[in-house]
Amino acid sequence: MTRRELRENVFKLLFRLEFNSLDEMPEQVKLYFDWHEELDEKEHKYIEDKYNAILSKLDEIDKDIEAASEGWKLSRMGKVDLTLIRLAVYEMKYDPSVPTGVAINEAVEISKIFGGDESPAFINGILAKLVPAEA
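Number 114 in numbering that gives the first Met the number 0 belongs to position 115 of the sequence shown; there are no gaps in the numbering.
Here is the structure:
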């Protein structure tokens, strides 16, 4: 499985947060992996570990997004856009194995598949404001 495919799986799992409470998410994670039996053990571990890592930093990630999204509350953002921004912000801030440019590009490219017509530009605009100074 490619890094993009792994990232798409993390996105799909993280997307469930928009429709389920945190209390319901362990069951949602189990269901997700039950439906994706084609994932090998290494892929399963990567996806679940990244999902859990993002979840552990979600409050910080959301604060960063709110600070960068002038005039846009998280509740007003499209669910796909918000999920992809969360994933990219996590990768930019907390995953040194992913270069900032790759995190942004991947979020934009995945938004072309799952988002609306305006998603790529919106996501790129928010993420550009969050690029660390040293990047």
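Cβ atoms here follow ideal geometry from the backbone N, Cα and C, with glycine treated the same way.
Note that the coordinates shown come from a computational prediction; the quantities given were computed from them, not determined experimentally.
Pull up the distance between the alpha-carbon of residue i and that of residue j, whole angstroms please.
i, j, result
"residue 141", "residue 26", "With the chain represented from 0 up to 134, any question about residue 141 goes unanswered, as that position is not in the structure."
"residue 39", "residue 29", "15 Å"
"residue 0", "residue 45", "11 Å"
"residue 84", "residue 131", "15 Å"
"residue 5", "residue 127", "23 Å"
"residue 50", "residue 123", "22 Å"
"residue 119", "residue 110", "6 Å"
"residue 16", "residue 23", "9 Å"
"residue 112", "residue 33", "24 Å"
"residue 196", "residue 36", "The requested residue 196 is not part of the displayed model; the chain covers only 0 to 134."
"residue 14", "residue 31", "11 Å"
"residue 114", "residue 68", "18 Å"
"residue 42", "residue 94", "17 Å"
"residue 21", "residue 65", "20 Å"
Report the residue from the options whose alpha carbon sits nearest the alpha carbon of residue i.
i, options, result
"residue 99", "120, 117 and 129", "129"
"residue 90", "48, 37, 117 and 21", "48"
"residue 3", "97, 81 and 79", "97"
"residue 92", "22, 23, 53 and 17", "53"
"residue 125", "81, 18 and 37", "81"
"residue 70", "21, 56, 121 and 14", "121"
"residue 18", "67, 56 and 79", "79"
"residue 87", "117, 56 and 20", "56"
Please confirm whether any heavy atom of the ligand ATP lies closer than 6 Å to the CB of residue i.
i, result
"residue 114", "Ligands in the displayed structure: none, and consequently the ligand ATP is not present."
Quick test of the definition: if touching needs 3 or more C-beta pairs under 8 Å, does the segment 68 to 76 touch the segment 6 to 26? no
Identify every run of the alpha helix (DSSP H) within the segment 50 to 109, keeping only runs that are complete inside it and at least 4 residues long; order them along the chain. 57 to 67 and 78 to 93
Inter-stretch contact (C-beta, 8 Å, three-pair minimum) for the segment 106 to 115 and the segment 53 to 67: no
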